[in-house]
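The structure appears below as structure tokens.
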């Protein structure tokens, strides 16, 4: 993986992250407020699942 691929992936993350608040800001705000109500353990579990899924996807694609 070269630097161009890395920055392209980062740009894609920004596009995906910005899409939902742009399309439906009220729903995004409501979802964000629900996330703030989660406990630290629940957030850590979600983060771990996300990291694991991303790592598996990277391994599958390479």
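Residue numbers (the working numbering): 685 to 746.
Even for Gly, the Cβ is constructed at its ideal location relative to N, Cα and C.
If you're wondering where the values come from, they're calculated on a predicted model, not measured in any experiment.
{"Item": "Opening and closing residue of the alpha helix (DSSP H) in which residue 746 lies", "Value": "No alpha helix (DSSP H) contains residue 746, which DSSP labels as neither H nor E."}
{"Item": "Residue 692 (DSSP reduced to helix, strand or coil)", "Value": "helix"}
{"Item": "Bounding residues of the alpha helix (DSSP H) (the contiguous stretch that carries residue 718)", "Value": "709-720"}
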